[in-house]
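One point on numbering: in numbering that gives the first Met the number 0, the residue at position 441 of the sequence shown is 440, and numbering is uninterrupted.
The structure appears right after this line, and notes come after that.
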Amino acid sequence: MKANEGESKANTDPQLRIGWAGTDLTPDQPVQIAGQFHVRVSEGVLDPITATALALSSGDGESQTGVVLVSCDLVCIPYGLLKSVRERVATDTPGLDPDGVILNATHTHTAPDARQETDHLELGGCIPSSGMFTELATMEPADYVPFAAQRIAEAVGAAWRTRRPSTVGYGLGQAVVGHNRRSSYYSGHSQMYGDTSTADFSHIEGYEDHSVNVLATWDAAGELTGVVVNVACPSQVTETLFQLSADYWHDTRAELRRRLGDGLFVLPQCSVAGDQSPHILVGKAAEERMLRLAGRTERQEIAVRIADAVTAVLPLITNERSANPVLLHRGETVELSRRKLSEADVQEALAEANKLRAEHETLRNELEAHPEQRDEPRWYVRITECYRRMKWFEAVQKRFEVGRTHPRLPVEVHVLRIGDAVLATNPFEYYLDFGTQIKARSAAVQTFLVQLAGAGTYVPTGRAVAGKSYGATPGSTSVGPEGGRELVDWTVAAIKALWEAES
Numbered sequence: 000m001k002a003n004e005g006e007s008k009a010n011t012d013p014q015l016r017i018g019w020a021g022t023d024l025t026p027d028q029p030v031q032i033a034g035q036f037h038v039r040v041s042e043g044v045l046d047p048i049t050a051t052a053l054a055l056s057s058g059d060g061e062s063q064t065g066v067v068l069v070s071c072d073l074v075c076i077p078y079g080l081l082k083s084v085r086e087r088v089a090t091d092t093p094g095l096d097p098d099g100v101i102l103n104a105t106h107t108h109t110a111p112d113a114r115q116e117t118d119h120l121e122l123g124g125c126i127p128s129s130g131m132f133t134e135l136a137t138m139e140p141a142d143y144v145p146f147a148a149q150r151i152a153e154a155v156g157a158a159w160r161t162r163r164p165s166t167v168g169y170g171l172g173q174a175v176v177g178h179n180r181r182s183s184y185y186s187g188h189s190q191m192y193g194d195t196s197t198a199d200f201s202h203i204e205g206y207e208d209h210s211v212n213v214l215a216t217w218d219a220a221g222e223l224t225g226v227v228v229n230v231a232c233p234s235q236v237t238e239t240l241f242q243l244s245a246d247y248w249h250d251t252r253a254e255l256r257r258r259l260g261d262g263l264f265v266l267p268q269c270s271v272a273g274d275q276s277p278h279i280l281v282g283k284a285a286e287e288r289m290l291r292l293a294g295r296t297e298r299q300e301i302a303v304r305i306a307d308a309v310t311a312v313l314p315l316i317t318n319e320r321s322a323n324p325v326l327l328h329r330g331e332t333v334e335l336s337r338r339k340l341s342e343a344d345v346q347e348a349l350a351e352a353n354k355l356r357a358e359h360e361t362l363r364n365e366l367e368a369h370p371e372q373r374d375e376p377r378w379y380v381r382i383t384e385c386y387r388r389m390k391w392f393e394a395v396q397k398r399f400e401v402g403r404t405h406p407r408l409p410v411e412v413h414v415l416r417i418g419d420a421v422l423a424t425n426p427f428e429y430y431l432d433f434g435t436q437i438k439a440r441s442a443a444v445q446t447f448l449v450q451l452a453g454a455g456t457y458v459p460t461g462r463a464v465a466g467k468s469y470g471a472t473p474g475s476t477s478v479g480p481e482g483g484r485e486l487v488d489w490t491v492a493a494i495k496a497l498w499e500a501e502s
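This is the structure in structure tokens:
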């Protein structure tokens, strides 16, 4: 963030101008797929990896408020990718402040890996794949990033240049998409995707948010041009595939375009959902039976549910749309308390890392002794999983050491007011309880929360840390419950300030 960091930009000319653009981020050669500990080399393309850009502005000159929201079918938005996009925008798109370009990921687990070593920093979980096995013969993240950044920047420029007088409306629907994925047991521990059929199973750990937040835009002739669709669920139904895919958002875009027109732009956002997923833990047999009776896949079912919600909302908000809503933007770098780690946390993590190092060395020696193993399908899966888990555990020590001298972690966040609605971003996989707190305290009539507008990983609640398991352990997190609450307070205050700025 640069000159106007921490300030809310207002405008004098209330005429809203909107532009849309999209681009294909699908590489034309094999890549390493992000989303699991083990490396997956892409074995084809199930459906395209895309980015969708929405430009909004009002006012002119120094009084102009202008932002471009970009949704990407990626697992996260590494800093290197964001920086590269903004540098290109600064050169190629005059009149647009690059810091007003906000990228978010849908968190599909079947997208190219855009993370590099410089993106890892001290954030847990973001373990790069590059350099491990050059014989995999894939496009490295270092090569994919400029490819994707160029296309995203071009879409940003196209959306900005094609802005026209438009109207906007917002509304709220409901669809069951995400479910809390943490099973809790009478023993006091929790487990991600834990067995719920045992006598020790007590409850699902946390809340679920089935709201579908919709922001729609129309051109001067009253034709629907695009929709922002915001749900509290990452895009990972078919997350273990070895094919590139946008997961359920591909099916959702197809379903919405079938109903509303082929030219419709659809910009998906993952709301706060660090402990959510589309996988259900209770009643799976009944759900599977209903999918069979409906003749749909799970992805198609989610697409129908979201499309039903969107098409139910649109007629209700059409007459409420505005050509001159208040448009205010505030972007800031906020410092949050890092998770407090102990020597015991470090020693426990290093013990696990040492086990994995030994297994990795054994597998490496076997591979060198029997190079014919490379002829077997997916021979690299276990050895790369050992390597990445080892690095994941080793990062705990690094974060412990960094935390002693730099106890606060700077992160980029944004709030954007559009009429009586507000959009607030964070770079994390932010647990749902925090999102519920923000929505409950927000000054806006409707609050769109957008996670993974950056490369951060999990921010768990206190109860999740107590229950342990992936997503709440020291290896999973750089920011803990204290920092999570700090971000709640900052976001609530920043939203309130956007309403106070109008008066």
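Backbone N, C-alpha and C define an ideal beta-carbon position, used for all residues, glycine too.
#1: How should D98 be labelled, buried or exposed, when 16 other C-beta atoms within 10 angstroms of its C-beta is the threshold for buried?
#2: Which class does W378 belong to by DSSP, given the choice of helix, strand or coil?
#3: Whole beta strand (DSSP E) runs in the segment 179-259 with 3 or more residues, listed along the chain?
#4: Mark A492 as exposed unless 16 or more other C-beta atoms lie within 10 angstroms of its C-beta, in which case mark it buried.
#5: Classify S57 as helix, strand or coil using the three-state DSSP reduction.
#6: Would you tell me roughly how many angstroms separate the C-alpha atoms of I301 and E365, rounded to the nearest one?
#7: Using a 10 Å radius around the Cβ and a threshold of 16 neighbouring Cβ atoms, would you call N318 buried or exposed?
#8: Measuring only the C-alpha atoms, how far is L422 from V213?
#9: With a 10 Å radius around its C-beta and 16 neighbouring C-beta atoms as the bar for buried, classify D246 as buried or exposed.
#10: Going by DSSP, which residues form a beta bridge with Q445?
#11: What did DSSP end up calling G482 once you bin it into helix, strand or coil?
#12: Output the distance between the C-alpha atoms of E61 and A471, rounded to the nearest integer angstrom.
#13: Figure out for me which residue from R258, A343 and L55 has the closest Cα to the Cα of L313.
#14: So is Q63 buried or exposed if we call it buried at 16+ other beta carbons inside 10 Å?
#15: Considering Y169, what are the terminal residues of the beta strand (DSSP E) in which it resides?
#16: Taking the straight line between their C-alpha atoms, what separation do you get for G243 and T332?
#17: Closest by CA to Q28, which one among L171, F146, A54 and H106?
#18: Report the three-state DSSP secondary structure of L531 (helix, strand or coil).
#19: Is it buried or exposed, I494, if we count other Cβ atoms within 10 angstroms and call 16 or more buried?
#20: Do you know offhand how far H209's Cα is from I203's?
#21: Hey, R180 and S276: beta-carbon distance below 8 Å or not?
Short version:
#1: Taking the first residue of the sequence shown as position 1, residue 98 is located at position 99. With 16 or more other Cβ atoms within 10 Å, it is buried.
#2: In the sequence shown, the residue the question calls residue 378 occupies position 379. Of the three classes helix, strand and coil, the one that applies to W378 here is coil, per DSSP.
#3: List check, beta strand (DSSP E) in window: 181-184, 189-191, 200-203, 210-217 and 223-230.
#4: Sequence index remark: in the sequence shown, residue 492 carries index 493 (1-based). Result: exposed.
#5: Counting from one through the sequence shown, the residue named residue 57 turns up at place 58. Strand.
#6: In the sequence shown, the residue the question calls residue 301 occupies position 302. In the sequence shown, the residue the question calls residue 365 occupies position 366. Spanning the two alpha carbons is a distance of roughly 44 Å.
#7: Sequence index remark: in the sequence shown, residue 318 carries index 319 (1-based). When all chains shown are included, N318 counts as exposed.
#8: The sequence position of residue 422 within the sequence shown is 423, counting from 1. The sequence position of residue 213 within the sequence shown is 214, counting from 1. If I take the Cα positions, the gap works out to 11 Å.
#9: Position 247 of the sequence shown, counted from the first residue, corresponds to residue 246. Around the C-beta of D246, 16 or more other C-beta atoms lie within 10 Å, and the residue is accordingly described as buried.
#10: In the sequence shown, counting from the first residue as 1, residue 445 sits at position 446. For Q445, which the question treats as bridged, DSSP gives the partners A420.
#11: Position 483 of the sequence shown, counted from the first residue, corresponds to residue 482. Secondary structure at G482: helix, using DSSP grouped into helix, strand and coil.
#12: For the purposes of this step, residue 61 is taken as the residue at position 62 of the sequence shown. For the purposes of this step, residue 471 is taken as the residue at position 472 of the sequence shown. Going from the Cα of E61 to the Cα of A471 covers about 44 Å.
#13: On the sequence shown, position 314 is the one that residue 313 refers to. Out of R258, A343 and L55, R258 has the C-alpha closest to the C-alpha of L313.
#14: Here residue 63 is taken as the residue at index 64 of the sequence shown, counted from 1. A residue is called buried once 16 or more other Cβ atoms fall within 10 Å of its Cβ, and Q63 is buried on that count.
#15: One-based indexing of the sequence shown puts residue 169 at position 170. Residues T166 to Q173.
#16: If you number the sequence shown from 1, residue 243 lands on position 244. If you number the sequence shown from 1, residue 332 lands on position 333. Strictly speaking, residue 243 in this sequence is Leu, with Gly absent from that position. Looking at the two C-alpha atoms, the distance is approximately 33 Å.
#17: For the purposes of this step, residue 28 is identified with residue 29 of the sequence shown, where counting begins at 1. When each option's Cα is compared against that of Q28, the closest is F146.
#18: Residue 531 is absent from the model: the chain starts at 0 and stops at 502.
#19: Residue 494 sits at position 495 when you count from the first residue of the sequence shown. Buried is the call here.
#20: The residue given as residue 209 occupies position 210 in the sequence shown. The residue given as residue 203 occupies position 204 in the sequence shown. In this model, H209 and I203 are separated by some 16 Å (Cα to Cα).
#21: Position 181 of the sequence shown, counting from 1, holds the residue named residue 180. Position 277 of the sequence shown, counting from 1, holds the residue named residue 276. Between R180 and S276, the gap from beta carbon to beta carbon is short of 8 Å.
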